[in-house]
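The structure appears right after this line, and notes come after that.
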Amino acid sequence: MIPAGLPSTIHALRTLILRKEISVPEAIRLQHAAVGTPDRYHCVTHRFPLSTRFPDAACPLSGVGVAHKDIFHMSGRAPDCGMGIPDRRSTRAATVVRRGQNKGATVLAALTMAEHASGVTGENPNLPLPINPIDPKAAVGGSSSGSAVAVAAGLCYGSLGTDTAGSVRIPAATCGVIGFKPSRGALSCAYVAPLSPSLDTVGILARDPIDAAILFRNSLSDRVGRAVFGDQDPAIAITAAAAIAKRGRVAVCMEHVNPKVAMRPDVRLALEHFVSLTSDGSAEIRLPHLARMIRNAELILNIEASGTHLAALASSRYPIGKSARMLALTGAAIPGAWYVEALGDRDEIAASFVQIAFANAEFIVTPALPQGVPDWAAVHTESREFDARSLLELFSWMSFVNYLGLPSVVLPIGMDAFSRPICAQVLAKPGCDFRLLVFAAYARGVLG
Amino acid sequence: MAKGEVHGSLSDTEAALHYVEWLFGALDVLTSDAECRVVARALIRLAATPREPRPVSRGVQP
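So the protein lines, in turn, are chains S and Y.
Just so we're aligned, residue 0 is where the first sequence starts under numbering that gives the first Met the number 0, counting upward by one.
Just so we're aligned, residue 0 is where the second sequence starts under numbering that gives the first Met the number 0, counting upward by one.
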């Protein structure tokens with residue numbers, strides 16, 4: 000629930016603040032209190048104390064409460080990475096967090112996650128199971144599980160997560176919020192605990208595409224921000240561009256290369272409806288090199304995870320979760336030549352992918368969760384009803400995007416018969432993050 | 000064992016398991032049998048994934 004007296008979006012809140020209908024301290028105190036007690040959705044790992052000094056109301060994020068996956072360093076506190084260990088000191092905040100703070104954002108809390116970002120659900124033996132605000136029986140995707148839950152529950156206006164193989168987009172899709180993974184390298188990963196540096200991307204979760212754009216703009220360096228958004232206010236830039244946007248040139252891909260990944264008929268219908276509303280004559284395509292990209296992403300993830308967790312493999316004193324350990328062990332056994340080939344081929348495969356898949360389209364639409372949002376019981380590894388295929392379907396459309404470094408946004412496009420969200424994933428060419436956010440805002444307007 | 004045959008009559012899975020157990024022993028990594036089997040299966044799967052030809056380079060045509 001959004002705190003009483005506050006609007007649901009950042010741009011509406013900022014309008015109220017600039018009109019002096021609400022003060023910055025009042026807005027922050029309401030949000031801070033909402034995050035504080037009780038943690039109904041099991042999504043908070045640490046609540047930051049309320050500062051006595053508030054930013055100037057003119058700052059673009061002044062009055063806006065945000066939170067982040069507990070993988071970002073904060074000044075004075077090292078991230079917990081989902082391990083449930085006592086607070087440790089850190090010397091400085093992650094660059095991306097610091098940029099938001101410099102623009103007036105207030106960091107309310109650190110949020111739950113899968114251990115060391117190594118899981119596609121929010122399952123974590125060190126923490127209570129996160130509760131999906133839409134439906135308590137519905138699973139919460141991971142690894143940025145708390146980031147999606149906090150936004151969906153209205154506890155903050157937006158959150159940061161990290162996405163190595165879908166870890167922002169999967170939880171966003173399960174909780175029905177916007178999950179934006181920018182182009183590789185757009186947002187700084189400095190002082191963010193790594194998993195696989197070649198694939199890791201900082202991403203943004205929000206309830207509205209314009210809010211995602213505002214947070215994105217204010218998390219970029221000034222030089223890159225101006226290059227992407229110009230000198231305009233991001234909300235105005237996106238709103239204006241979306242208002243005059245026409246239907247896009249969209250290609251849609253429904254068939255996965257893995258025959259085990261099927262699509263539920265209602266998800267297919269929702270995607271077809273979404274494409275018909277937003278595209279100017281769509282074409283169904285098959286994604287080139289998909290099997291190879293998924294394999295290469297897996298190789299890179301495993302080997303780099305083994306490097307990240309080398310100390311844990313050599314000594315039992317270093318705490319590491321079961322999923323992270325299996326990633327690292329597998330990576331340690333993979334021949335180095337496979338890794339060199341997977342990484343060495345990336346530029347060539349990306350160029351070929353862009354040339355073929357975007358030949359007649361500006362955007363590519365794929366399903367996010369081809370079987371919809373599963374029950375916790377189907378994807379929790381300790382459950383008697385656990386189904387490995389349901390787990391596979393959560394991430395099957397994700398990892399190749401990180402391999403290519405494409406910008407991608409997951410957005411809700413409908414509801415299924417169980418009142419759970421159906422989401423689409425939209426991809427754009429590398430560097431076309433602004434156009435992608437405009438398309439998401441346009442689509443949100445068309446869908447109503 | 001025929002000349003040049005490395006694994007004799009071992010199946011792929013058994014061969015991969017031997018490799019994994021040897022490797023983790025050499026690296027001084029403490030693992031359980033179950034973990035070694037999971038890693039061996041992952042190696043088999045990754046090795047068996049069909050590879051397509053490398054994409055054609057978009058270099059300057061003569």
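Where a beta carbon is used, it is the ideal one built from N, C-alpha and C, also for glycine.
Residue i, buried or exposed, once every other Cβ within 10 Å from all chains shown has been counted against 16
i              : result
residue 235(S) : exposed
residue 101(S) : exposed
residue 396(S) : buried
residue 402(S) : buried
residue 382(S) : exposed
residue 30(S)  : buried
residue 8(S)   : buried
residue 217(S) : buried
residue 270(S) : buried
residue 259(S) : exposed
residue 16(Y)  : buried
residue 54(S)  : buried
residue 428(S) : buried
residue 161(S) : buried
residue 123(S) : buried
residue 91(S)  : exposed
residue 50(S)  : exposed
residue 3(Y)   : Any reading at residue 3(Y) must be qualified, since the residue scores a pLDDT of 46, below 50, and its modelled position is unreliable; no value is offered.
residue 313(S) : exposed
Bridge partners - residue i, DSSP secondary structure assignment
i              : result
residue 424(S) : 365(S) and 409(S)
residue 200(S) : 162(S)
residue 374(S) : 137(S)
residue 191(S) : 71(S)
residue 291(S) : Answer is none; residue 291(S) lacks a bridge partner.
For residue i, the three-state DSSP class (helix, strand or coil)
i              : result
residue 282(S) : strand
residue 177(S) : strand
residue 68(S)  : strand
residue 227(S) : helix
residue 158(S) : strand
residue 346(S) : helix
residue 112(S) : coil
residue 91(S)  : coil
residue 184(S) : coil
residue 383(S) : coil
residue 5(S)   : coil
residue 255(S) : coil
residue 126(S) : coil
residue 216(S) : helix
residue 46(S)  : strand
residue 250(S) : strand
residue 3(Y)   : For residue 3(Y), the pLDDT reaches just 46, beneath the cut-off of 50, and the residue's location in the model is therefore unreliable, leaving the point undetermined.
residue 107(S) : strand
Proximal residues to residue i (C-beta, below 6 Å), its chain only, five neighbours per side dropped
i              : result
residue 449(S) : An answer regarding residue 449(S) cannot be provided, because it is not within the stretch 0 to 447 covered by chain S.
residue 80(S)  : 70, 115 and 192
residue 189(S) : 94
residue 276(S) : 445
residue 186(S) : 95, 201 and 218
residue 409(S) : 168, 171, 172, 178, 367, 422 and 424
Residue i to residue j span [Cα, whole Å]
i              : j              : result
residue 483(S) : residue 213(S) : Because chain S spans 0 through 447 in this model, residue 483(S) falls outside it and cannot be assessed.
residue 10(Y)  : residue 119(S) : 32 Å
residue 469(S) : residue 425(S) : Given that chain S is displayed from residue 0 to residue 447, the structure contains no residue 469(S) and the question cannot be resolved.
residue 34(Y)  : residue 1(S)   : 45 Å
residue 371(S) : residue 345(S) : 30 Å
residue 175(S) : residue 20(S)  : 30 Å
residue 220(S) : residue 103(S) : 15 Å
residue 205(S) : residue 150(S) : 6 Å
residue 286(S) : residue 357(S) : 10 Å
residue 0(Y)   : residue 14(Y)  : Low confidence applies here, because residue 0(Y) scores a pLDDT of 42, under 50, leaving its location unreliable and the question unanswered by this model.
residue 44(Y)  : residue 291(S) : 13 Å
residue 10(S)  : residue 177(S) : 15 Å
residue 324(S) : residue 36(Y)  : 14 Å
residue 180(S) : residue 203(S) : 7 Å
residue 76(S)  : residue 222(S) : 29 Å
residue 165(S) : residue 142(S) : 8 Å
Cβ neighbours of residue i in the same chain (closer than 7 Å, five flanking residues each side left out)
i              : result
residue 301(S) : 326, 329, 330 and 333
residue 338(S) : 298, 299 and 302
residue 110(S) : 42, 43, 44, 66, 67, 68, 69, 145, 146, 149 and 158
residue 136(S) : 374 and 375
residue 318(S) : 82 and 84
Cut-off 8 Å between Cβ atoms - residues of its own chain near residue i, not counting five sequence neighbours on either side
i             : result
residue 65(S) : 99, 104, 105, 106, 107, 155, 156, 157, 158, 159 and 214
Chain A contact for residue i (CB, 8 Å cutoff)
i              : result
residue 284(S) : This model lacks chain A altogether; the protein chains it does include are S and Y.
Residue i: CB within 7 Å of a non-hydrogen atom of the ligand GDP
i             : result
residue 53(S) : In the structure shown, the ligand GDP is absent, as is every other ligand, since no ligand is present at all.
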